[in-house]
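Going by the UniProt record's numbering, the residue at position 268 of the sequence shown is 268; the numbering climbs one at a time, nothing skipped.
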Amino acid sequence: MNMISPEAAANSKRAWLKILARYKKPDRRRSAVELAITLIPFATLWALSSAAYAYGHWWGLILILPAAGFLVRIFMIQHDCGHGSFFANRYADDWIGRALGVLTLTPYDCWRRAHATHHASAGNLDERGMGDIRTLTVAEYRQLSWRGRLAYRLYRHPLVMFGLGPIWLFIFSQRLPIGMMRGGLTPWVSSMTTNLAIALAAALLIWAVGPGAFLVVHLPIVILAGSAGIWLFYVQHQFEETEWAKDDDWEFQHAALHGSSYYDLPPVLNWFTGNIGVHHVHHLSAKVPGYRLQEVLRDYPELRGIGRVTLLDSLRCVKLALWDENRRKLVSFREARAAI
Numbered sequence: 001m002n003m004i005s006p007e008a009a010a011n012s013k014r015a016w017l018k019i020l021a022r023y024k025k026p027d028r029r030r031s032a033v034e035l036a037i038t039l040i041p042f043a044t045l046w047a048l049s050s051a052a053y054a055y056g057h058w059w060g061l062i063l064i065l066p067a068a069g070f071l072v073r074i075f076m077i078q079h080d081c082g083h084g085s086f087f088a089n090r091y092a093d094d095w096i097g098r099a100l101g102v103l104t105l106t107p108y109d110c111w112r113r114a115h116a117t118h119h120a121s122a123g124n125l126d127e128r129g130m131g132d133i134r135t136l137t138v139a140e141y142r143q144l145s146w147r148g149r150l151a152y153r154l155y156r157h158p159l160v161m162f163g164l165g166p167i168w169l170f171i172f173s174q175r176l177p178i179g180m181m182r183g184g185l186t187p188w189v190s191s192m193t194t195n196l197a198i199a200l201a202a203a204l205l206i207w208a209v210g211p212g213a214f215l216v217v218h219l220p221i222v223i224l225a226g227s228a229g230i231w232l233f234y235v236q237h238q239f240e241e242t243e244w245a246k247d248d249d250w251e252f253q254h255a256a257l258h259g260s261s262y263y264d265l266p267p268v269l270n271w272f273t274g275n276i277g278v279h280h281v282h283h284l285s286a287k288v289p290g291y292r293l294q295e296v297l298r299d300y301p302e303l304r305g306i307g308r309v310t311l312l313d314s315l316r317c318v319k320l321a322l323w324d325e326n327r328r329k330l331v332s333f334r335e336a337r338a339a340i
């Protein structure tokens, strides 16, 4: 069973929402620069990759890798827009977010609604289901039929989670607002208009570079960026020391601080991922722009020791699959079986 140290308890009681309020205001000039230094290199790398394909310089397709990194960064800007923290202007953030959703293949208004639900209930065992990676408790898993267990094990398998999963999510699943049909007209309008814009953009690019170059260049970029995005989201909540609680025991600040990780990445990866690895701070106050999250860690170094996961640590997170309510920790299938 996880024990909460006195220092952790003290941090949980600090008025973090009030402390972080002064970091909420974005620098709109910097936001504009962040947008430009992300979109321009992405477009340049995409064009160079398609030219390499057209002229038979296959080695040039290595540029797909950094292009995928910039697409991840585009999604992180879209993510900040969804929280209204990029320009802190709802109109500007929403329309930039919708435009970027064409590049990320993500219907912005659908995603924003699901993601808001995730932020409002992350770490709540009674509120799982929307905007989360499906996570069962050990008891729930044991109650499944053998078919249900097999389906869940396949779902949690790394090849599915980080390979087939992103392909299904970004290329197929997000084309229809399945699961949000009761949300009124907005999810359908968001999905269909995004689909139309994607089709028009794809048609224009295919006309410009040909279908071969489009498929060879764009599909790998989307798949690589999608896999990286799912990996980031996974590590941010699926780590051994994360915390979940039933509704009666769930408390927002504690869940944000201890149910989300601090993914301590090298500076270059922090830049490409928009500092989203500072996820516990992001969950404490989603209005803090991504480019100010490192500023929070600088001013409050005690936050660096909470939920810290290194690159090496994150590789060990892959085996975690079930929440053990008795030990209050995520465990692997093997550990759950050994506890019987």
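Just so you know, even glycine gets a beta-carbon here, dropped at the ideal spot from N, CA and C.
Straight-line Cα distance separating residue j from residue i
{"i": "Leu-269", "j": "Arg-14", "result": "30 Å"}
{"i": "Phe-70", "j": "Tyr-262", "result": "22 Å"}
{"i": "Ala-67", "j": "Met-130", "result": "29 Å"}
{"i": "Leu-154", "j": "Phe-162", "result": "12 Å"}
{"i": "His-83", "j": "Arg-90", "result": "9 Å"}
{"i": "Ala-266", "j": "His-79", "result": "First, the residue type needs correcting, since residue 266 is Pro and not Ala in the sequence shown. The alpha-carbon atoms of Pro-266 and His-79 are separated by roughly 21 Å."}
{"i": "Ala-116", "j": "Pro-187", "result": "14 Å"}
{"i": "Glu-251", "j": "Ala-43", "result": "43 Å"}
{"i": "residue 343", "j": "Ile-221", "result": "With the chain represented from 1 up to 340, any question about residue 343 goes unanswered, as that position is not in the structure."}
{"i": "Arg-316", "j": "Glu-241", "result": "12 Å"}
{"i": "Phe-233", "j": "Ser-314", "result": "12 Å"}
{"i": "Ser-285", "j": "Phe-170", "result": "27 Å"}
{"i": "Ala-99", "j": "Ala-336", "result": "44 Å"}
{"i": "Ala-201", "j": "Val-160", "result": "29 Å"}
{"i": "Trp-16", "j": "Thr-38", "result": "31 Å"}
{"i": "Ile-206", "j": "Ile-40", "result": "20 Å"}
Own chain residues within Cβ distance below 7 Å of residue i, not counting five before or after
{"i": "Ala-338", "result": "none"}
{"i": "Leu-293", "result": "Asn-275, Val-278, Val-281, His-282"}
{"i": "residue 389", "result": "Outside the shown range of the chain (1 to 340) lies residue 389, about which nothing can therefore be said."}
{"i": "Ile-223", "result": "Pro-166, Ile-167"}
{"i": "Arg-156", "result": "Ala-321"}
Same chain only: Cβ atoms within 6 Å of residue i, ignoring 5 sequence neighbours per side
{"i": "Pro-158", "result": "Val-318"}
{"i": "Phe-333", "result": "Ala-321"}
{"i": "Tyr-23", "result": "Val-288, Arg-292, Val-296"}
{"i": "Glu-325", "result": "Thr-137"}
{"i": "Gly-226", "result": "Pro-166, Phe-170"}
Under 8 Å between C-beta atoms of residue i and residue j
{"i": "Asp-212", "j": "Tyr-55", "result": "Sequence inspection shows Gly at residue 212; the Asp mentioned does not correspond to that position. No, these two residues do not count as a Cβ contact at 8 Å."}
{"i": "His-258", "j": "Ile-306", "result": "yes"}
{"i": "Ile-77", "j": "Glu-34", "result": "yes"}
{"i": "Ser-191", "j": "Cys-110", "result": "yes"}
{"i": "Leu-164", "j": "Tyr-152", "result": "no"}
{"i": "Asp-264", "j": "Val-235", "result": "no"}
{"i": "Ile-198", "j": "Val-102", "result": "yes"}
{"i": "Val-217", "j": "Ser-31", "result": "no"}
{"i": "Lys-25", "j": "Ala-88", "result": "yes"}
{"i": "Trp-244", "j": "Trp-146", "result": "no"}
{"i": "Asp-132", "j": "His-119", "result": "no"}
N- and C-terminal bounds of the beta strand (DSSP E) containing residue i
{"i": "Asp-324", "result": "320-324"}
{"i": "Lys-329", "result": "329-332"}
Cβ neighbours of residue i in the same chain (closer than 8 Å, five flanking residues each side left out)
{"i": "Ala-9", "result": "Any answer about Ala-9 is weak, because its pLDDT of 48 lies below 50 and its placement is not dependable; what the coordinates show is given next. Result list for Ala-9: empty, nothing under 8 Å."}
{"i": "Gly-229", "result": "Val-72, Phe-75, Pro-166"}
{"i": "Ala-21", "result": "Ser-285"}
N-terminal and C-terminal residue of the alpha helix (DSSP H) that residue i is part of
{"i": "Asp-299", "result": "293-299"}
{"i": "Leu-284", "result": "279-284"}
{"i": "Gln-253", "result": "252-259"}
{"i": "Tyr-53", "result": "28-54"}
{"i": "Phe-214", "result": "211-237"}
{"i": "Leu-71", "result": "64-82"}
{"i": "Phe-87", "result": "Per DSSP, Phe-87 belongs to no alpha helix (DSSP H) and is neither H nor E."}
{"i": "His-115", "result": "108-121"}
{"i": "Glu-140", "result": "138-143"}
{"i": "Pro-267", "result": "267-272"}
Any C-beta of chain D under 8 Å from that of residue i
{"i": "Cys-81", "result": "In the displayed structure, chain D is absent; only one protein chain is listed."}
Cβ pair count under 8 Å reaching 3, the segment 55-64 against the segment 122-138: Segments in contact, no.
At least three beta-carbon pairs within less than 8 Å, the segment 88-102 to the segment 244-259: No, the segment 88-102 does not touch the segment 244-259.
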